[in-house]
Ligand SMILES: [Zn+2]
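In our numbering, the protein residues as written are 437 to 866.
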């Protein structure tokens, strides 16, 4: 453990949370007109909330708050006290600006250091950081966390695969932080260069920033000969370091002394009981520069507060299976892309590279799935196609109009940034 609070009993944790909620509410009310308005309209005085359970009474916040308050309307401190800015790009409109005070940066480094330890990384290890540096929080988040832990950090940044491989071999990095799609890219690049993953010191990859399914994780672990640890975070809350899996890989521990989690029904906004699947809502209970109250993350998951075998008591969230805004409605059937991924990767001859295209022709939705086969050529295309159809209809009652089984290496790879696998041409995707 990095911090004794990780194993604190739940009652102690709740006392912390209640106290910190009172304080963040007071600061938001005093310093952020956006929150004062919303709280007043909801008839809530900061002093009237004294227990973490009462958090349900507070209004929810959506990503629109960041855009409508652009650039600094959600700041609770003066610009003098802001030490760093990050921003999430967002595909449309203004970026979401996030600010950090010096204390916020220290807290972020500490939760990231804690996360790395939970993932099995130690101060003696070398962490190769292949997340993008810059406004995106991935690069500097892992960087600062690695340094706070006392590990050695190699700030390679995204892409630059030849150098990544040289460093993995020659500097003997123990851990690699990158997206899951980059892990797959790297595995292919190692293979092309004739480098056996088992010959590397690399034992852990820290993967996040893109949703992925269990079969995709298994493919990464097998191809890179590593343990793949799921990391979760978002810029609006802090960046990476909101939650992470421990070595048991049975859910991501949310650092509840800083980020209070709830699960809501995305339709009604009602809080769901423990164990039910819905949208993750987070409240920052320690952030100074820009506190966020009940933020709708858009990420679909469930929570458990059972103590983990590792001894940590902080709630665990299930790996993210999709986002509320990822939902595809195809001829009236609701499908998350991750469910399609799950079904595709259940077929042995299918490699973890695919794309999903949705069109609308004459008012009719059309679904095309393009998948790569593995390099094993023994199975005929027709039988792979039939297996895919069976899996999709069994798991999702979904019948694609077209399934294209293509040769290995055909589908475009992502060397930097986040992979795009879904192209919904009905919504204007090119
Ligand atoms: Zn654990």
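Beta carbons are placed, not taken as given, at the ideal position from N, Cα and C, and that holds for glycine.
The structure displayed is predicted, hence computed values, not measured ones.
C-beta atoms of residue i and residue j nearer than 7 Å
i: residue 686; j: residue 613; result: no
i: residue 759; j: residue 734; result: yes
i: residue 593; j: residue 569; result: yes
i: residue 454; j: residue 487; result: yes
i: residue 557; j: residue 478; result: no
i: residue 763; j: residue 699; result: no
i: residue 521; j: residue 509; result: no
i: residue 449; j: residue 485; result: no
i: residue 471; j: residue 482; result: no
i: residue 737; j: residue 724; result: no
i: residue 805; j: residue 836; result: yes
i: residue 902; j: residue 679; result: What is shown of the chain runs 437 to 866, which leaves residue 902 out entirely.
i: residue 776; j: residue 792; result: yes
i: residue 827; j: residue 787; result: no
i: residue 663; j: residue 543; result: no
i: residue 555; j: residue 727; result: no
i: residue 529; j: residue 503; result: yes
i: residue 547; j: residue 711; result: no
Beta-carbon proximity list for residue i, same chain, < 7 Å, skipping 5 on both sides
i: residue 616; result: 643, 646, 648, 652, 656
i: residue 785; result: 809, 810, 812, 815, 820
i: residue 444; result: 749
i: residue 559; result: 585, 586, 587
i: residue 743; result: 749
i: residue 708; result: 699, 700, 701, 714
i: residue 626; result: 601, 633
i: residue 783; result: 820, 823, 824, 827
Classification of residue i by the beta-carbon crowding that lies within 10 angstroms, buried from 16 upward
i: residue 540; result: buried
i: residue 469; result: exposed
i: residue 437; result: exposed
i: residue 670; result: buried
i: residue 704; result: exposed
i: residue 843; result: exposed
i: residue 447; result: exposed
i: residue 537; result: buried
i: residue 574; result: buried
i: residue 675; result: buried
i: residue 694; result: buried
i: residue 577; result: buried
i: residue 637; result: exposed
i: residue 561; result: buried
i: residue 667; result: buried
Sequence-distant residues of its chain with Cβ nearer than 6 Å to residue i (five each side left out)
i: residue 552; result: 581, 585
i: residue 789; result: 808, 847
i: residue 730; result: 494, 496, 497, 717, 719
i: residue 860; result: 794
i: residue 767; result: 801
i: residue 839; result: 805, 821, 824
i: residue 605; result: none
Any chain E beta carbon closer than 7 Å to residue i
i: residue 641; result: Among the chains of the structure shown, chain E does not appear; only one protein chain is present.
Contacts around residue i, its chain only, beta-carbon distance under 8 Å, and the 5 residues preceding and following it disregarded
i: residue 621; result: 597, 849, 850, 851
i: residue 525; result: 531, 571, 572
i: residue 603; result: 564, 590, 592, 609
i: residue 829; result: 835
i: residue 579; result: 565, 569, 589, 591
i: residue 583; result: 545, 589
Heavy atom of ligand 3 within 6 Å of residue i beta-carbon
i: residue 698; result: In terms of ligand content, the structure shown lacks ligand 3 and carries ligand 1 instead.
**OP:** Measuring from each Cβ to the nearest heavy atom of ligand 1, keep the ones under 6 Å and list them in chain order.
**Re:** Result: 682, 684, 689, 744, 746, 748.
Original post:
Counting Cβ pairs, one atom from each stretch, are 3 or more of them under 8 Å apart for the region 657-664 and the region 736-749?
Top reply: No: the two stretches stay apart, fewer than three of their Cβ pairs being nearer than 8 Å.
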